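Please read the structure below before turning to the comments.
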Amino acid sequence: EVNPSYYVFNNRILFEAVVKVRPDNVKKEYYLTDTISIIIAAGHKVAAVAAMRPEEAISVNTEAQLSEISRIMQCRMAENVK
9 EVNPSYYVFN NRILFEAVVK VRPDNVKKEY YLTDTISIII AAGHKVAAVA AMRPEEAISV
69 NTEAQLSEIS RIMQCRMAEN VK
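In the working numbering, the protein residues as written are 9 to 90.
Rendered as structure tokens:
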């Protein structure tokens with residue numbers, strides 16, 4: 009399993025959780041992923057969704073990755089034209 013870092017939140021619940029996030033890590037950074045445990049602790053429902061295709065979980069952080077996902081998307085669009 010991988011976490012491609014795509015999230016959908018109820019904005020009210022997210023804003024309530026974000027103010028509780030603390031930089032309790034070596035780098036002293038704030039992590040959006042910390043809101044998940046905060047939301048669960050508040051009694052709200054959290055669900056994971058499986059990607060339908062592996063390329064839906066590809067991160068784009070470099071020009072090479074952008075080129076690869078662009079190629080994949082062009083192939084997918086060409087399939088839809090047929």
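Where a beta carbon is used, it is the ideal one built from N, C-alpha and C, also for glycine. Given the structure is predicted, the values throughout are model-derived calculations rather than measurements.
With three or more C-beta pairs closer than 8 Å as the rule, is the region 41-55 touching the region 20-30?
yes
Which residues in the same chain as Gln-73 place their Cβ atom closer than 8 Å to its Cβ, once the five residues preceding and following it in sequence are excluded?
For the purposes of this step, residue 73 is identified with residue 65 of the sequence shown, where counting begins at 1. Result list for Gln-73: Ile-66 and Ser-67, in chain order.
Ala-46, enclosing alpha helix (DSSP H) - first and last residue
Sequence index remark: in the sequence shown, residue 46 carries index 38 (1-based). A small correction: the amino acid at residue 46 is Ile; Ala does not occupy that position in the sequence shown. It spans 42-49 - the alpha helix (DSSP H) in which Ile-46 sits, taken as one unbroken run.
With 16 other CB atoms within 10 Å as the buried threshold, where does Lys-48 fall?
Working through the sequence shown from its first residue, we reach residue 48 at position 40. Note that residue 48 corresponds to Ile in the displayed sequence, not to Lys. Flag for Ile-48 reads exposed.
Does DSSP put Phe-23 in a helix, a strand or coil?
For this step, residue 23 is matched to residue 15 along the sequence shown. Here Phe-23 sits in helix by DSSP.
Using C-beta distances below 8 Å, list every residue in its chain close to Pro-31, excluding the 5 sequence neighbours before and after it, in chain order.
Stepping through the sequence shown from its first residue, residue 31 is reached at position 23. Glu-37 and Tyr-38, listed in sequence order.
Contacts around Ala-50, its chain only, beta-carbon distance under 8 Å, and the 5 residues preceding and following it disregarded
What you label residue 50 is simply residue 42 of the sequence shown in a count that begins at 1. Hits under 8 Å: Ile-21, Glu-24 and Ala-25.
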